[in-house]
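J.:
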Ligand code: HEM
């Protein structure tokens, strides 16, 4: 579907065939990201990897984050952090006397894992700062996911002031910049002999005469804050929806618990290597990402030249939105698409790498998500331990089918209502 919104032509892709054209056959033409006023403000002129313009800066930044953070070797090396944070989460849940706000707890855990992996410590030093960060991240995701008149009608930019959205963007920027500046100050002041974390690696390039690229302080802030934002929201939303779908579908819940507990045996903690044998758990996760891809429209792309897709003329600078949410529910490709049926993935070779265009929760092609290994390791370990340690139910007399399954609007699809559950220690 091609829409002319204001000055910007916008192509909406909702079928696997067209998605393959955009993200594989003509990936070289559609690998750019459009400029976005909010991203420009929050990420210092869109210098974050995920929204940076296609070109040398993006190429180097992506190479750098894969090498120093997201390769399989690096993902394995932060296993102690994951174990530590999962242990803390289980303790916190055990210590709660009645129902727990699982959404909040999982969000904090995934944020702690990624912050420690990138910064060597927690992002926020106290609860107030932590709440402020999540508030600003929520608002940023909502603002970026919203239709903003000024992005399509630049002459109407003054509307932002009238509706108050400009003030909100400034507030989000102030909070995020405050936290990231504190991280930089702390790293600059530290003893250089310490084991370098990801931020140290970026900073040390500034003193390296042989470095291919040297980043400014603003670029460094944009790169690491982008990663924290990209990793926190997406991973916690996936676990949140997985727990919601399992409570909503008691049969799948029993099956997955049986598998996890059979493999974990009497161990108090499921270990990462145990999850390799948990095929039903893996199928549950795929089914969750099919029905609730945490970035439902992927990230927007932009054509870099005039082109043709099948018989359609697509102009240069056309914005492209790939609707992964609709593709995951496409009735020509999925039987009973609205049903939660992890079994459909049990004997299937479909994976997350973006080779099967009816299943693209991590995108595909050059701009695909580089954090798959990082995300899956965290999500599987957390979920397996939550299900191994506790039996979960809704508070009071509520039953699985009573659970509200509405989604909130935004770039990422959180649940509209926080997931509040009762955790009973496994008998
Ligand atoms: C369940 C978890 C996650 C999901 C569902 C997810 C999904 C996505 C999607 C859909 C995109 C856009 C792909 C496209 O435009 O084709 C993306 C991009 C990106 N993701 Fe993830 N992501 C997850 C976790 C992570 C993690 C853990 C990290 C890093 C620690 C990460 C870092 C990035 C980056 C840097 C990009 C931008 C890539 C580029 O533009 O070249 N993501 N992700």
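In our numbering, the protein residues as written are 479 to 905. The beta-carbon is built from N, C-alpha and C at its ideal position, and this holds for glycine as well. Just so we're clear, the structure is a prediction, and the values are computed from it rather than from any experiment.
Could you give the C-beta distance for residue 681 and residue 761, rounded to a whole number, given that I count them as a contact under 8 angstroms?
T.: Residue 681 to residue 761, Cβ: 42 angstroms. No contact.
J.: Sort 806, 657 and 536 by Cα distance to residue 612 and report the nearest one.
T.: Per the Cα distances, 657.
J.: Which residues in the same chain as residue 742 place their Cβ atom closer than 8 angstroms to its Cβ, once the five residues preceding and following it in sequence are excluded?
T.: Hits under 8 angstroms: 748, 752, 862 and 866.
J.: Taking all protein chains shown into account, decide if residue 570 is buried (16 or more other Cβ within 10 angstroms of its Cβ) or exposed.
T.: Residue 570 is exposed by the Cβ-count criterion.
J.: State the DSSP-derived secondary structure class of residue 871, mapped to helix, strand or coil.
T.: In the structure shown, residue 871 sits in a strand (DSSP, three-state: E or B).
J.: For the putative contact between residue 560 and residue 767, defined by C-beta atoms under 8 angstroms, what is the C-beta separation to the nearest angstrom?
T.: That pair is no contact at about 19 angstroms.
J.: Pair every Cβ in the stretch 682 to 696 with every Cβ in the stretch 586 to 596, then say whether three or more of these pairs are closer than 8 angstroms.
T.: No, because fewer than three Cβ pairs between the stretch 682 to 696 and the stretch 586 to 596 fall closer than 8 angstroms, the two stretches do not touch.
J.: Quick one: is the Cβ of residue 849 within less than 7 angstroms of any heavy atom of the ligand HEM?
T.: Within the cutoff, so yes.
J.: Out of curiosity, what's the CA-to-CA distance linking residue 578 and residue 902?
T.: When rounded, the distance between both Cα atoms is 11 angstroms.
J.: Determine the burial state of residue 496: buried for a count of at least 16 other Cβ atoms within 10 Å of its Cβ, exposed for fewer.
T.: With 16 or more other Cβ atoms within 10 Å, it is buried.
J.: When the Cα atoms are used, what is the spatial distance from residue 536 to residue 852?
T.: Looking at the two C-alpha atoms, the distance is approximately 20 angstroms.
J.: Do residue 739 and residue 488 have their C-beta atoms closer together than 8 angstroms?
T.: Cβ distance not < 8 angstroms, so residue 739 and residue 488 don't count as in contact.
J.: Applying the criterion that 16 or more other CB atoms from any shown protein chain within 10 Å of the CB defines a buried residue, is residue 522 buried or exposed?
T.: By the 10 Å Cβ count, residue 522 comes out buried.
J.: What does DSSP give as the partner residue(s) for residue 577 in the beta ladder?
T.: Bridge partners of residue 577: 900.
J.: So which of 868, 614 and 717 has the shortest CA-CA distance to residue 516?
T.: Cα-wise, what sits closest to residue 516 is 614.
J.: For residue 698, which three-state DSSP category applies?
T.: In this structure, residue 698 counts as helix in the three-state DSSP scheme.
J.: Residue 908: beta carbon under 7 angstroms from a heavy atom of the ligand HEM?
T.: Here the chain covers residues 479 to 905 and nothing more, so residue 908 does not appear.
J.: Taking 8 angstroms as the cut-off, does the stretch 691 to 707 touch the stretch 719 to 727 (at least 3 CB pairs, one atom from each stretch)?
T.: Touching, no, given that fewer than three Cβ pairs across the two stretches are closer than 8 angstroms.
J.: Residues in its own chain within less than 6 angstroms of residue 782 by CB, not counting five upstream and five downstream?
T.: Excluding positions up to five away in sequence, the list reads 507 and 510.
J.: With hydrogens ignored, establish whether the beta-carbon of residue 543 is closer than 7 angstroms to any heavy atom of the ligand NAD.
T.: Within the structure as shown, the ligand NAD is missing, the only ligands being the ligand HEM.
J.: If you measure from the CB of residue 597, is any heavy atom of the ligand HEM nearer than 7 angstroms?
T.: Every heavy atom of the ligand HEM is 7 angstroms or more from the Cβ of residue 597, so no.
J.: Quick check: the Cα distance between residue 601 and residue 789, rounded to an integer number of angstroms?
T.: In a straight line, the C-alpha of residue 601 is about 49 angstroms away from that of residue 789.
J.: So what's residue 757 in DSSP terms, helix, strand or just coil?
T.: It is helical.
J.: Select from 854, 756, 695 and 598 the residue whose C-alpha is nearest the C-alpha of residue 526.
T.: It is 695.
J.: Is any heavy atom in the ligand HEM found nearer than 7 angstroms to the beta carbon of residue 855?
T.: Residue 855 Cβ: outside cutoff for every heavy atom of the ligand HEM.
J.: Taking the alpha carbon of residue 519 as the point to measure from, which residue in 573, 649 and 620 has its own alpha carbon closest?
T.: Answer by Cα proximity: 649.
J.: By alpha-carbon positions, which one of 904, 769 and 833 ends up nearest to residue 744?
T.: Answer by Cα proximity: 904.
J.: Take residue 784 and list the residues in its own chain whose beta-carbon comes closer than 8 angstroms to its own, dropping the five residues that flank it on each side.
T.: So the list reads 791, 792, 793 and 794, once near-sequence residues are dropped.
J.: List in chain order: all unbroken alpha helix (DSSP H) runs of 4+ residues lying wholly within the stretch 487 to 562.
T.: As far as the stretch 487 to 562 is concerned, its whole alpha helix (DSSP H) runs of at least 4 residues are 494 to 498, 515 to 520, 534 to 543 and 550 to 555.
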